[in-house]
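Below is one structure, written out as structure tokens, with a few remarks after it.
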Ligand SMILES: [Zn+2]
């Protein structure tokens, strides 16, 4: 006997789409093929007319502070409703709201908080000091944290020298760096000018953090990455110019990779007129031509991953008299898959393997989640039964996140998550969460080896 057979669906991997049944036994995928050749199953899930794809692996998610009001309890429910089965969150070296001073403390805090998660998780280490000690990096690696994020902006940003120092240490250990790239001096000059001119309306916000500031910092960071040899991942690439800065240094995905986020593909700066401060995140939403450019770079493999950069704040903390008083960041976990499916497959004719590559397989492989992101027998039975034809109106009324709004409010999209499974357990079915807090597990990561280069399914 096996536990579950999922029958009658079309199975999607990063390589192909085909009709097949899936056998799940215990926490793992046991086989893909014809159910008649499987042992008898205790339970049958009918996927007739549906797609069966790997669960979404979102490598850019903020849960349990300091810049997000979602706990793992609320955030993971939103994720599971949206077909996300694994997230990578952030463990801060130092945090404004606590007195700890090490990456190790940050990782322990995330692991403790994560005991409430209903989906699997790991975290990136966030380096906030100019000269991190190698011991801190080694301790993180021992905990299965194999990637490290740095910022060039904000008061916890580091200088180019700080980037270079961290890159060398991380490179020696064959791990990964992620960098938030915006030139801080340009952004603060332009923000101050808007403040002096009283340009409070969020419609002017994108001009305070222009894409050339993003591209300049990206160019510096990628140059330094190439010098040190570190595996480099550019986060939340928002448009053409910053993508070009990365592409200029990238050849085959062996060393330089990058993501964009669902909202940069689905929205442009007109959202600031429509939703005001609710749409504020950094970098800002750009022009419609930037959306086209992002799709072109996703298509040719220059951009590897689509993430959410999920940050939860309430309307009360977002709505402000001036844009600079708003909290930054938007919630996206519950809508990312249906919205990106709509934008890429439905509106632009991309394939289902493309969708799976960018949201499941590539992120898992990029960040060393060995048992995630594919439907390979022997790996974790993390999957989504997705109805590709069902239309839905997006509304924040059913938000699981603490955030009581969505930037996709009122949007009609085609495609809906019917069922989400994490390690062989159905965690969501028909919009209902079926498991208790704590089903999720801390999932140690390996140091990924990108030397095999890029896949590219369009
Ligand atoms: Zn982020």
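Residue numbers (this note's numbering): 0 to 457. Beta carbons are placed, not taken as given, at the ideal position from N, Cα and C, and that holds for glycine. What you are looking at is a predicted structure, and each value in this text was computed from that prediction instead of being measured.
- With respect to the C-alpha of residue 243, the residue from 230, 122, 218 having the closest C-alpha is 218.
- At the C-beta level, residue 149 and residue 177 come within 9 Å of one another.
- By the criterion of at least three beta-carbon pairs nearer than 8 Å, the stretch 400 to 417 is in contact with the stretch 268 to 278.
- Here residue 185 carries a helix assignment [DSSP, helix/strand/coil].
- In this structure, the CA atom of residue 354 is about 31 Å from the CA atom of residue 206.
- Residue 215 is classed as buried because its beta carbon has at least 16 other beta carbons within 10 Å across all chains shown.
- In this structure, the alpha-carbon of residue 364 lies about 11 Å from that of residue 58.
- Distance from the C-beta of residue 248 to the nearest heavy atom of ligand 1 is not below 8 Å.
- Annotated three-state conformation of residue 203 is helix, per DSSP.
- Going by C-alpha positions, residue 366 is about 33 Å away from residue 314.
- At a Cβ-Cβ threshold of 9 Å, residue 402 and residue 265 do not count as neighbours.
- Between residue 203 and residue 183, the beta carbon gap of about 19 Å keeps them out of contact (Cβ cut-off 8 Å).
- Taking 8 Å as the cut-off, one finds no heavy atom of ligand 1 near enough to the beta carbon of residue 303.
- Less than 9 Å separates the beta-carbon of residue 237 from that of residue 282.
- Annotation: the continuous beta strand (DSSP E) that includes residue 52 extends over 50 to 53.
- Excluding the 5 residues flanking it on each side, residue 41 has same chain C-beta neighbours closer than 8 Å at 0, 1, 2, 3, in chain order.
- Taking one beta carbon from each stretch, the stretch 128 to 139 and the stretch 342 to 358 have fewer than 3 pairs nearer than 8 Å; the two do not touch.
- Each residue's CA atom was taken as its position, placing residue 46 and residue 225 some 46 Å apart.
- Between residue 56 and residue 358, the C-beta gap is smaller than 9 Å, which places the two residues in contact.
- In the DSSP assignment, residue 314 falls within the alpha helix (DSSP H) that extends over 314 to 317.
- Assigned with DSSP and collapsed to three states, residue 32 falls in strand.
- Scanning its chain for C-beta atoms nearer than 6 Å, with the 5 sequence neighbours on each side dropped, one finds around residue 432 the residues 76, in chain order.
- Remark: the shortest separation between the CB of residue 69 and any heavy atom of ligand 1 does not fall under 8 Å.
- Taking a cut-off of 8 Å on C-beta distances, the stretch 413 to 433 touches the stretch 116 to 123, as three or more cross pairs fall below it.
- Rounded to whole angstroms, residue 104 and residue 168 show a C-alpha spacing of 20 Å.
- Relative to ligand 1, residue 178 has its C-beta separated by 8 Å or more from all heavy atoms.
- Proximity to residue 94 across 419, 74, 227, 65 peaks at 65, based on C-alpha coordinates.
- Residue 234 has its Cβ nearer than 8 Å to a heavy atom of ligand 1.
- For the pair residue 345 and residue 97, the Cα-to-Cα distance works out to about 45 Å.
- By alpha-carbon distance to residue 297, the top candidate from 235, 383, 138 is 235.
- Restricting attention to 415, 413, 360, 452, the CA atom closest to the CA of residue 15 is found in 360.
- The beta carbon of residue 197 sits closer than 6 Å to none of the beta carbons in its chain outside the five residues before and after it.
- Residues of the same chain with a CB within less than 7 Å of the CB of residue 70, apart from the 5 flanking positions on each side, are 62, 63, 112, 115 in chain order.
- Beta-bridge analysis with DSSP links residue 129 to no other residue.
- Sequence-distant Cβ neighbours of residue 376 in its own chain, meaning closer than 7 Å and more than five residues away, are 28, 29, 30, 31.
- Nearest neighbour of residue 194 by Cα position, chosen from 379, 436, 324, 252, turns out to be 324.
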